[in-house]
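Remarks on the structure that follows.
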Amino acid sequence: MPLVSTPAIVLSAMRYGETSKIVRLATREHGVQSAIAKGALRPRSRFGAALQLLSGGQAQLLLSERRDLHTLTAFDVVTIPVGLAARVPCYATGMMLAELMLRLVPADAHPESFDLLESSLVTLQEVADADVPAAALRAGWRLIASLGFQPALERCARDGRPLAVDGEVGFSIADGGFLCPGCTRGTEVLALPRTAADTLRLLLDPVATLPALDQRHAAAHRRLLIRYLRHHVGEGSPLPALEFWGTHAWMAR
494 MPLVSTPAIV LSAMRYGETS KIVRLATREH GVQSAIAKGA LRPRSRFGAA
544 LQLLSGGQAQ LLLSERRDLH TLTAFDVVTI PVGLAARVPC YATGMMLAEL
594 MLRLVPADAH PESFDLLESS LVTLQEVADA DVPAAALRAG WRLIASLGFQ
644 PALERCARDG RPLAVDGEVG FSIADGGFLC PGCTRGTEVL ALPRTAADTL
694 RLLLDPVATL PALDQRHAAA HRRLLIRYLR HHVGEGSPLP ALEFWGTHAW
744 MAR
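Residue numbers (this note's numbering): 494 to 746.
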């Protein structure tokens with residue numbers, strides 16, 4: 494079994510037997526991997542408290558050539574998400590991002606999604622309370638865009654025609670983006686005001702200033718992202734972290 498060392502983030506962890514854990518890790522060079530951390534639950538385990546959800550560090554993995562469960566021999570912690578745990582919306586966003594990584598990232602290198610997850614977790618710990626809703630939305634949209642689910646915002650998602658520069662615009666969940674007026678006929682679309690369409694573009698632009706969202710507009714954009722993810726990512730399967738992030742009462746406060 495080859496031993497590899499890679500930056501990693503803990504996406505999930507579950508008890509295995511009396512003393513061990515099975516963890517799912519987002520790694521920069523090897524995608525999402527499952528590994529057993531033997532003895533992780535022992536009082537004097539070499540892992541200590543390292544394998545906390547969303548913690549980042551350097552993982553040492555013995556890669557098995559015959560099965561999908563590898564062996565985690567060490568996890569040197571670099572970051573612990575204390576700032577996330579202090580604010581429920583931020584922690585819920587982090588777990589939603591972890592769920593998307595678990596659902597979409599294969600066991601192959603995908604450094605762009607790893608880097609986006611890592612930077613988003615940092616941002617969520619540092620962002621001001623008023624900007625948390627917009628930061629969460631940007632993190633979700635940018636992560637799925639990096640994984641091949643970028644919504645079409647500049648041209649019609651169906652026929653590629655340029656979109657009108659003013660007025661209401663139709664967003665098709667099924668087609669994956671905005672539609673031109675001709676393609677909206679007979680199609681189920683969400684009618685977005687021009688301001689909402691412009692806000693969506695800002696959320697997907699990593700260098701743009703975060704848009705200011707009041708409670709009502711933030712809720713509307715969460716509903717759009719949730720519907721988009723249910724259709725393109727959920728495929729009928731539950732996404733519990735996404736549902737918790739978007740539908741619980743504390744999001745409205």
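Built from N, CA and C at the ideal position, the CB exists for glycine as well.
Spatial neighbours of L609 in its own chain (CB-CB distance under 8 angstroms, excluding positions within 5 residues in sequence) are listed in chain order as A632, R635, L636, S639.
Within the same chain, no residue comes within 6 angstroms of A621 by CB-CB distance, once the 5 residues on both sides are set aside.
Classified as exposed, A657 has fewer than 16 neighbouring CB atoms from the shown chains inside 10 Å of its CB. S505 and A591 do touch by the CB rule: their CB atoms are close to 7 angstroms apart, below 8 angstroms.
L544 places its beta carbon less than 7 angstroms from that of V516.
Less than 7 angstroms divides the Cβ of D659 from the Cβ of R687. In the three-state reduction of the DSSP assignment, I666 falls in the coil class, being assigned neither a helical nor a strand state.
Counting every other CB atom within 10 Å of its CB across the protein chains shown gives T677 a total of 16 or more, marking it as buried. Looking at the backbone, the Cα of A734 and that of M588 are separated by about 6 angstroms. Ranked by Cα distance from A585, the options V598, R720, L614 are led by L614. Judged by DSSP in its simplified three-state form, F540 adopts coil rather than helix or strand. About 29 angstroms separates the CB atoms of D624 and A650; that is not less than 8 angstroms, and the two are not in contact. Ranked by Cα distance from R580, the first of D561, S513, Q618, A567 is Q618. A Cβ-Cβ separation of about 7 angstroms places S513 in contact with L534 under the 8 angstroms criterion. In this structure, L630 places its C-beta atom within 7 angstroms of the C-beta atom of H714. If you draw a straight line from the Cα of E611 to the Cα of L696, it is about 18 angstroms long.
Its Cα nearest to that of H710, the residue P626 stands out among L732, E681, P626, G663. Membership of L577 in the alpha helix (DSSP H) is indicated by the continuous run 575 to 578.
Counting only runs that start and end inside the segment 594 to 620, the alpha helix (DSSP H) elements of at least 4 residues fall at 604 to 619. For F568, the enclosing beta strand (DSSP E) has its first and last residue at 562 to 572.
Spanning the alpha carbons of W738 and L717 requires a straight line of approximately 13 angstroms. If you keep only unbroken beta strand (DSSP E) runs of at least 3 residues inside the segment 507 to 557, you get 513 to 520, 524 to 530, 549 to 555. L722 and L693 have their C-alpha atoms roughly 15 angstroms apart.
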